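This report concerns only the one structure given below.
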Amino acid sequence: MSYRVRVLSSYIYAGDEGPFSAMGRRNRWFHGFVAGLIHQGSSLNELALDFVQLPREAAAVAAFHRECLDQGVQLAICAGTDSIVRWARVCREIPSLYFGAHPENNGLELIRQPNVAGVRLNLPLIWSYRNFSLLGELIPRLEAVYIPINLRSEFAFPNVRAGYEEFRRRHTDFWIPGTSGWSGHRSVQFLAERLGCRYYEGPFSSVDELLAGLRAAPVERSAFVGFNDTVLMEHAANRFREWCTGSGAALFWVNNWPIVAAGGVADFSSHFEAVGKLLAAQALGILRDGRPAAEIGFAEDPGERLSLNLRRCAELSLAVSDGLRARFHTVQA
Amino acid sequence: MERNQTFEKVRTAILKTSPDLDPAEVTETSSFQTLGLDSLKLVELGVWVEQMFGEGIVLDDWVDQESLKGRDGFSMASFLEFIDRSLAA
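Line order of the protein sequences matches chains A and B. Residues 9 to 341 (this note's numbering) are what the first sequence spells out, left to right. Residues 409 to 497 (this note's numbering) are what the second sequence spells out, left to right.
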């Protein structure tokens, strides 16, 4: 008999060809998950596993939840914060594991929900000054860091969204300075201040709006940083990458390691293979040992994996010393 | 490593991944498609292969290569060749 498990992801896009299209399925966390099952004396043969793109609309999520109940699904695994936030609103019965980050701890209250357990992740670039300062080491005389924020993802938490709406009511600028009272992630402003550069957030609701905002930013001595939320808007990640390639902008990403092979300068990812192994142990704890999710609880972030693209650095005339290279776990020539 | 030794290890990995397969069906001329190795099974096969041959065997690279071949992709012969090449590198 197999355990009925659904993997719910917001990152599966059948029609979005490119390095991000398979992120929900064929990626590091799942590889770690399978390795973890095998390490625990299990295998995929024990699981009846389906990957599902979690619907965006609340009513569709509720309908899907009813289907899962009817089918006797025994465990949901949510790949990322966006999917667990939407899933946990409707699901109180099915044990649900997730791995995900909560910038500024926004939305973290869901870990109190008894059927939810998993792995809490940091966002490696902005979790430490040591990592954030790599932007300044890679880009000489760095003047500004620009971070687009997808308003159509759950990462635009209600408090953050309210601040953005207030800024938009008062200003026409796309980029919100980190010094503004309406900026959403104040801690990043502190990191930027310490690094001696400016910081901007750019909330967007469509790919066109994102591109218009990017075109309004100076490329020289700037770092453009994508996060998980931009991958959540179909085509946004690819268009962002293409714009950076075409305009000579330095593109960085958090939790999107394929970006390095696709032309980004660097990626700052969590150690997703280790995350997958932790999830496998938690899943078997629920399925095989019959432990409640509340007892499984949350594992701490197991670490980070930083990747650097030397070819892109050379194209952008960014000098990379041996010491700087050594800070990255993977260096692509 | 000799080709037949590589094949025996791969056969063991495939049978661990798909224990319901008849061992006689897994031959050097098999195709992964006819063996019913879908994308999830391939991930598990990749883990077993890494355990048996070392982490230098990155199955994703082979999957990328085979995906471009259409119907001719995912043959056992190509997989064995990929492993030999990776081990030699």
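Where is the CB? At the ideal position from N, CA and C, for every residue including glycine. Just so it is clear, the structure is predicted and the values come from calculations on it, not from any experiment.
**OP:** For residue 427 (chain B), return the contacting residues in chain A, with the cut-off set at a CB-CB distance below 9 Å.
**Re:** 51, 53
**OP:** Can you tell me which of the three DSSP states residue 32 (chain A) falls into?
**Re:** Because the pLDDT at residue 32 (chain A) is just 39, under 50, the model does not fix this residue reliably, and the point stays unresolved.
**OP:** Would you check if the segment 427-441 of chain B and the segment 463-473 of chain B touch, i.e. whether three or more CB-CB distances between them fall below 8 Å?
**Re:** no
**OP:** Could you pull out every residue in the same chain whose Cβ sits closer than 8 Å to the Cβ of residue 247 (chain A), ignoring the five residues on either side in sequence?
**Re:** 215, 218, 219
Original post:
According to DSSP, is residue 312 (chain A) helix, strand or coil?
Top reply: strand
Subject >> Contact list for residue 279 (chain A) against chain B, beta-carbon separation under 7 Å >> reply: Correct list: empty, because the minimum Cβ distance to chain B is about 15 Å.
**OP:** Name, in chain order, the residues that DSSP records as bridge partners for residue 340 (chain A).
**Re:** A:317
Subject >> Own chain, CB closer than 7 Å to residue 486 (chain B), minus 5 neighbours either side, in chain order >> reply: 474
Original post:
Within 10 angstroms of its Cβ, does residue 9 (chain A) collect 16 or more other Cβ (buried), or is it exposed?
Top reply: exposed
Original post:
Assuming residue 321 (chain A) and residue 273 (chain A) make a contact with CB atoms under 8 Å, what is their CB distance in whole Å?
Top reply: 6 Å
**OP:** List the whole-angstrom C-beta distance separating residue 98 (chain A) from residue 155 (chain A), where the pair is believed to meet the contact cut-off of C-beta under 8 Å.
**Re:** 30 Å between Cβ atoms; not a contact.
**OP:** Starting from the N-terminal side, write out each stretch of the beta strand (DSSP E) that is 3 residues or longer and does not extend beyond the segment 228-268 of chain A.
**Re:** 230-234, 258-262
**OP:** Could you pull the start and end residues of the alpha helix (DSSP H) that residue 301 (chain A) belongs to?
**Re:** 301-304
Original post:
How would you list, in chain order, the residues of chain B whose beta-carbon sits under 9 Å from the beta-carbon of residue 46 (chain A)?
Top reply: 424, 452, 455, 456, 459
Subject >> residue 346 (chain A) in three-state terms, based on DSSP >> reply: Nothing in the structure corresponds to residue 346 (chain A), since chain A is present only between 9 and 341.
**OP:** Starting from the C-beta of residue 328 (chain A), find all residues in its chain whose C-beta is less than 8 Å away, skip the five residues before and the five after it, and write them out in chain order.
**Re:** 146, 316, 318, 321
Original post:
Just to confirm, are residue 285 (chain A) and residue 108 (chain A) a CB contact at a threshold of 7 Å?
Top reply: no
Original post:
Going by C-alpha distance, which of A:173, A:123, A:257, A:292 is nearest residue 189 (chain A)?
Top reply: A:173
**OP:** Evaluate contact between the segment 305-316 of chain A and the segment 61-69 of chain A, counting only Cβ atoms and requiring at least three cross-stretch pairs below 8 Å.
**Re:** no
Subject >> Cβ distance (whole Å) where residue 270 (chain A) is taken to contact residue 48 (chain A) below 8 Å >> reply: The Cβ separation is near 34 Å, so there is no contact.
**OP:** Go through its chain and collect everything with a Cβ distance to residue 301 (chain A)'s Cβ below 8 Å, but skip five positions before and after it.
**Re:** 103, 104, 105, 122, 123, 124, 125, 294
Original post:
What's the C-alpha gap between residue 282 (chain A) and residue 292 (chain A)?
Top reply: 16 Å
Original post:
In its own chain, which residues sit with a C-beta less than 6 Å from the C-beta of residue 352 (chain A), not counting the 5 before and 5 after it?
Top reply: This structure does not reach residue 352 (chain A), given that chain A is present from 9 up to 341, and the question cannot be answered.
Original post:
Out of A:19, A:67, A:90, which has the shortest C-alpha to C-alpha gap to residue 114 (chain A)?
Top reply: A:90
Original post:
Can you tell me whether DSSP reads residue 17 (chain A) as helix, strand or coil?
Top reply: strand
Subject >> Run of the alpha helix (DSSP H) containing residue 412 (chain B), from where it starts to where it stops >> reply: 411-425
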